[in-house]
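Participant:
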Amino acid sequence: MKTVKIVGVPEHFNFPWLMAIEEGAFKTRGINLVWTDVPEGTGKMCTMLEEGQADLAIILTEGIVKSIIEGNPVKIIQEYIATPLQWGIHVAADSEFQNMADLQNATVAISRFGSGSHLMSFVNARNQGWETSSLKFEIIHTLDGAIEALKSGTADYFMWEHFTTKPIVDAGIFRRLEDCPTPWPCFVIAATESFLLKNKEVLRHILEVINLYTTEFKLIPSIDRTLSNKYGQQLEDVREWLSLTQWSQSQLSAKAIENVQDYLYKLDLISHKLETDKLITNL
Numbered sequence: 001m002k003t004v005k006i007v008g009v010p011e012h013f014n015f016p017w018l019m020a021i022e023e024g025a026f027k028t029r030g031i032n033l034v035w036t037d038v039p040e041g042t043g044k045m046c047t048m049l050e051e052g053q054a055d056l057a058i059i060l061t062e063g064i065v066k067s068i069i070e071g072n073p074v075k076i077i078q079e080y081i082a083t084p085l086q087w088g089i090h091v092a093a094d095s096e097f098q099n100m101a102d103l104q105n106a107t108v109a110i111s112r113f114g115s116g117s118h119l120m121s122f123v124n125a126r127n128q129g130w131e132t133s134s135l136k137f138e139i140i141h142t143l144d145g146a147i148e149a150l151k152s153g154t155a156d157y158f159m160w161e162h163f164t165t166k167p168i169v170d171a172g173i174f175r176r177l178e179d180c181p182t183p184w185p186c187f188v189i190a191a192t193e194s195f196l197l198k199n200k201e202v203l204r205h206i207l208e209v210i211n212l213y214t215t216e217f218k219l220i221p222s223i224d225r226t227l228s229n230k231y232g233q234q235l236e237d238v239r240e241w242l243s244l245t246q247w248s249q250s251q252l253s254a255k256a257i258e259n260v261q262d263y264l265y266k267l268d269l270i271s272h273k274l275e276t277d278k279l280i281t282n283l
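The structure is reproduced here in structure tokens:
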């Protein structure tokens, strides 16, 4: 039995992995896939991959591209979610901020530098026509940290996935001003180069299993109710999210890679760009 360490955020996107593990789909292939939730998000997962604490990650596209360019020995092995991520832009429910213009010089709560919440604050600033060099940040690590930071005023706004934060909005803790979708497919599957070197056949089996699960995921009877119960979300919100989300069973395209790099470069978040084959690998 080959043990493989995989990490991802504890969100509804990754439920197909949990199902496949629970149902023993990987063990029938001789693979002990050990899943670890990482609520801190992409920045933390990049570090775990680099330090050998994880072999695989389900990770934000822009975050892992930036990390690889900065020297993290990792490759993208497949696109996971083909659709954009809807980043909600949140303030404290009782804050004085009423529209996006009010946030121009405000402090952004981010999980850590290099995280999706950090990188997307630059994309949002660019969309708003703000000077990105003047952005100010407060590191909050997790969603609970963001709640505390916005409540206490140490940060003013926080960007996180729309549906994950919807229960917090419904509870009157956050108020969402707008959404900012990623200009690219949002999640990919990444593997360390050291793991790739010796385990390509294992990875092929892992992709075969998860691709079967994601292909059939929306067809599972009452999957909307299952997700609603597990993640504490309203049924109508889960149904809307399912209608907006498309899982992928293909490699990330060269065009998408170029788009991500163009954005990161124009925003001065990377110093140079790489050829596509330096970022992805086909098994």
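For the sequence shown, the working numbering begins at 1 and goes up steadily by one. Where is the CB? At the ideal position from N, CA and C, for every residue including glycine. Just so it is clear, the structure is predicted and the values come from calculations on it, not from any experiment.
Compute the Euclidean distance between the alpha carbons of arginine 175 and tyrosine 231, then round it to the nearest angstrom.
Facilitator: Numbered from 1 along the sequence shown, position 175 holds the residue referred to as residue 175. Numbered from 1 along the sequence shown, position 231 holds the residue referred to as residue 231. In a straight line, the C-alpha of arginine 175 is about 20 Å away from that of tyrosine 231.
Participant: How many angstroms separate the CA atom of leucine 177 from the CA atom of alanine 171?
Facilitator: Here the question's residue 177 lines up with position 177 in the sequence shown. Here the question's residue 171 lines up with position 171 in the sequence shown. Going by the C-alpha atoms only, they are around 16 Å apart.
Participant: Is aspartate 262 buried or exposed, if buried means 16 or more other CB atoms sit within 10 Å of its CB?
Facilitator: For the purposes of this step, residue 262 is taken as residue 262 along the sequence shown, with counting starting at 1. Classification for aspartate 262: exposed.
Participant: Suppose you measure from the CA of asparagine 259 to the CA of isoleucine 280; what does that come to, to the nearest Å?
Facilitator: Counting from one through the sequence shown, the residue named residue 259 turns up at place 259. Counting from one through the sequence shown, the residue named residue 280 turns up at place 280. Straight-line Cα distance between these residues: approximately 14 Å.
Participant: Please state whether the Cβ-Cβ distance between alanine 190 and isoleucine 59 is less than 7 Å.
Facilitator: Here the question's residue 190 lines up with position 190 in the sequence shown. Here the question's residue 59 lines up with position 59 in the sequence shown. Going by C-beta atoms, alanine 190 is nearer than 7 Å to isoleucine 59.
Participant: Between serine 228 and the rest of its own chain, which residues show a CB-CB distance below 6 Å, the 5 nearest in sequence each way excluded?
Facilitator: Position 228 of the sequence shown, counted from the start, is the residue given in the question as residue 228. Contacts found: Leu235, Val238.
Participant: Once DSSP output is grouped into helix, strand and coil, what is the label at alanine 93?
Facilitator: Translated into positions along the sequence shown, residue 93 becomes position 93. Of the three classes helix, strand and coil, the one that applies to alanine 93 here is coil, per DSSP.
Participant: Less than 7 Å between the beta carbons of threonine 192 and leucine 49, yes or no?
Facilitator: Taking the sequence shown and counting its residues from 1, one reaches residue 192 at position 192. Taking the sequence shown and counting its residues from 1, one reaches residue 49 at position 49. Taking 7 Å as the Cβ cut-off, threonine 192 and leucine 49 qualify as a contacting pair.
Participant: Alpha carbon to alpha carbon, how far is glutamine 86 from phenylalanine 26?
Facilitator: Residue numbering aside, residue 86 sits at position 86 when the sequence shown is read from its first letter. Residue numbering aside, residue 26 sits at position 26 when the sequence shown is read from its first letter. Computed Cα separation, rounded: 30 Å.
Participant: DSSP on asparagine 127, reduced to helix/strand/coil?
Facilitator: Counted from its first residue, the sequence shown places residue 127 at position 127. Three-state DSSP puts asparagine 127 in a helix.
Participant: Distance check for leucine 150 and isoleucine 110, CA to CA, integer angstroms please.
Facilitator: For the purposes of this step, residue 110 is taken as the residue at position 110 of the sequence shown. For the purposes of this step, residue 150 is taken as the residue at position 150 of the sequence shown. Each residue's alpha carbon lies about 11 Å from the other.
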